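J.: Here it is: the structure, laid out below.
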Amino acid sequence: MSEVKELDVLAAAHAKARATGLSTGYQAAIDFTAGAVGGIACTITGQPFDTIKVKLQTYPHLYNGTLQCTKSILKNEGITGLFQGTTPALAAIMGETAVLFLAYGCCQRVVARISGKANVSQLNTLERACSGSSAAVFSSLVLCPTELIKCRLQALTEVMATSDAIQKRIGPWQVTKDLIRNDGPLGLFQGLTSTWLREVPGYFFFFFGYEITKGLLTPAGKTKDDLGPLKLVCSGGIAGASLWISIYPIDVVKSRIQVQSLVGKMPGFLPTFIQVVRAEGVRALYNGLVACVLRSFPANAALFMAYEYSRKWMMDHAPERAYEKS
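Under the working numbering, the residues of the sequence shown are numbered 63 to 388, in order.
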């Protein structure tokens, strides 16, 4: 009888600990890890489409569309050509999503405190979107250097074909060394301003699209946490499409700055934007949009599926010491 009573006491203590919530540090570690897992899923799913997107953005005069670009890559570079830049892409997206979701969780707690909410579960869709937008300020610092290297590797074939600056194929480490040697450590942050201009508003629409779609798909009497895989896939896909459609022209300018600085420094964001529009017209700001949307839906669906399920698993298996003491 005493053993049963003791078990009841332990169960009650366990329930009480869980009711107080995870400690801030442990919650941050979960958000960081789940974000990295989501980033891996996103990269594996969407890398071929991303390669096509970058080529169409930076060398539109060489390709007349997504299909022709794909055929050209397969003919000249083989199937591996679609995966150029995968190593830095993995580093970029893992680093970005890990920091993004870590910062997202922290920003949600700050927004909840400012708005007088007891916890983040009480935040509305707009408040969550603002949290995501704020988090992008920090994730951009991780994303910019790795995405710079990725973009250069993806466009390397075209750079070699149109310039004498590079005579042989090189890997991510060589690109990084050349970049630091020629431009110094700060050279890794070429395109940071345009990255911020893209990421901060983009992730507002990203999280807004995700949360509002989850809300619309949640049956009466249920919560967003009860959604199944198919509805999470749909919500994640719409989130990705919302992000890219809203900020695609900014991404085109960013890619131009990062790739074309390889053969001679480009001016800043606004001069590059004006130069593209004057020389190629407004349509040039949407080169590669089809490939981007084709990539964004499955890639971000995979991202959120991996993020949500890995996060839930880690929270369900958190040790007792991870909970706040009441």
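We put the CB at the ideal spot given by N, CA and C, even for glycine. If you're wondering where the values come from, they're calculated on a predicted model, not measured in any experiment.
How about Gly298 and Ala341: do their beta carbons lie closer than 8 angstroms?
T.: Contact: no.
J.: Tell me which same chain residues have a C-beta within less than 7 angstroms of the C-beta of Pro110, skipping the five on either side of it?
T.: Cβ within range, chain order: Leu144 and Phe145.
J.: Excluding the five sequence neighbours on either side, which residues of its own chain have a C-beta within less than 7 angstroms of the C-beta of Lys212, listed in chain order?
T.: So the list reads Gly147, Pro150, Ala151 and Ala154, once near-sequence residues are dropped.
J.: Among the candidates Gly167, Arg383 and Ala180, whose CA atom is the shortest distance from the CA of Gln89?
T.: Of the candidates Gly167, Arg383 and Ala180, the one whose C-alpha sits nearest the C-alpha of Gln89 is Gly167.
J.: Looking at C-alpha atoms only, which residue of Arg190, Lys133, Asp245 and Leu84 is the closest neighbour of Gln320?
T.: The shortest Cα separation from Gln320 among Arg190, Lys133, Asp245 and Leu84 belongs to Asp245.
J.: Check each candidate in Thr255, Gly127, Glu209 and Met377 and name the one with the smallest Cα separation from Met156.
T.: The shortest Cα separation from Met156 among Thr255, Gly127, Glu209 and Met377 belongs to Glu209.
J.: Nearest-angstrom Cα distance between Glu139 and Ser317?
T.: Those two C-alpha atoms are separated by around 21 angstroms.
J.: Reducing DSSP to helix, strand and coil, say where Tyr121 ends up.
T.: Here Tyr121 sits in coil by DSSP.
J.: So, at 6 angstroms on beta carbons, what are the nonlocal neighbours of Ala353 in its own chain, with the 5 sequence-adjacent residues on each side left out?
T.: So the list reads Phe111, Ile114, Lys115 and Thr128, once near-sequence residues are dropped.
J.: With 16 other CB atoms within 10 Å as the buried threshold, where does Ala198 fall?
T.: Answer is buried; the Cβ neighbour count reaches 16.
J.: Let me confirm a value: Val99 is counted as buried when at least 16 other C-beta atoms fall within 10 Å, else exposed. Which label applies?
T.: Classification of Val99: buried, given that the 10 Å Cβ count is 16 or more.
J.: Residues in the same chain with beta-carbon distance under 8 angstroms from Val339, minus the five sequence neighbours each way, listed in chain order, please.
T.: Correct list, in chain order: Ala346 and Leu347.
J.: Give me the Cα-Cα distance between Ile106 and Leu294, rounded to the nearest whole angstrom.
T.: Taking the straight line from one Cα to the other gives about 18 angstroms.
J.: Taking just the CA atoms, how far does Phe269 sit from Val161?
T.: Going by the C-alpha atoms only, they are around 15 angstroms apart.
J.: Take Leu254 and list the residues in its own chain whose beta-carbon comes closer than 6 angstroms to its own, dropping the five residues that flank it on each side.
T.: Same-chain partners within the cutoff: Cys206.
J.: What would DSSP say about Leu84, mapped onto helix, strand or coil?
T.: Strand, per DSSP.
J.: Check the C-beta distance from Ala37 over to Ser358 and give it rounded, since I have them as a contact under 8 angstroms.
T.: The chain is shown only over 63 to 388; residue 37 falls outside these bounds and no answer can be derived.
J.: Can Cys104 and Lys117 be called in contact, C-beta distance under 8 angstroms?
T.: Against a cut-off of 8 angstroms, the Cβ pair of Lys117 and Cys104 comes out as no contact.
J.: Measuring only from the beta carbon, is Trp306 closer than 7 angstroms to any heavy atom that is part of the ligand NAD?
T.: As for the ligand NAD, it is missing from this structure, which has no ligand bound.
J.: If distances are taken between C-alpha atoms only, which option among Leu164, Asp287, Cys192 and Gly330 comes closest to Ala91?
T.: Nearest C-alpha to Ala91: Leu164.
J.: Hey, which unbroken runs of the alpha helix (DSSP H) at 4 residues or more fall wholly within the region 146 to 178?
T.: DSSP runs (the alpha helix (DSSP H)) wholly in the region 146 to 178: 148 to 176.
J.: Identify which residue in Phe335, Met377 and Arg175 has its Cα closest to the Cα of Thr120.
T.: It is Phe335 whose Cα lies nearest to the Cα of Thr120.
J.: Should Ile106 be flagged as near chain D, meaning a C-beta pair shorter than 8 angstroms?
T.: Protein chain content of the structure displayed is limited to a single chain, and chain D is not contained in it.
J.: Please report the distance separating the alpha-carbon of Gly233 from that of Arg171.
T.: The alpha-carbon atoms of Gly233 and Arg171 are separated by roughly 41 angstroms.
J.: Measure the beta-carbon distance from Val173 to Glu189 and round it to whole angstroms, keeping in mind my assumption that it falls under 8 angstroms.
T.: Right, the Cβ-Cβ distance comes to about 5 angstroms (below 8 angstroms), so this counts as a contact.
J.: If you follow the alpha helix (DSSP H) that Asn126 is in, where does it begin and where does it stop?
T.: First-last for Asn126: undefined, no H or E at that position.
J.: Would Ala303 and Val355 be called neighbours here (beta carbons separated by less than 8 angstroms)?
T.: A contact, by the Cβ cut-off of 8 angstroms.
J.: Going along the chain, which residues of its own chain have a beta-carbon closer than 8 angstroms to the beta-carbon of Leu185, five neighbours each way excluded?
T.: These residues qualify, in order along the chain: Gln170, Val173, Ala174, Ser177, Lys179 and Ser193.
J.: Take Phe266 and list the residues in its own chain whose beta-carbon comes closer than 6 angstroms to its own, dropping the five residues that flank it on each side.
T.: Ala191 and Ser195.
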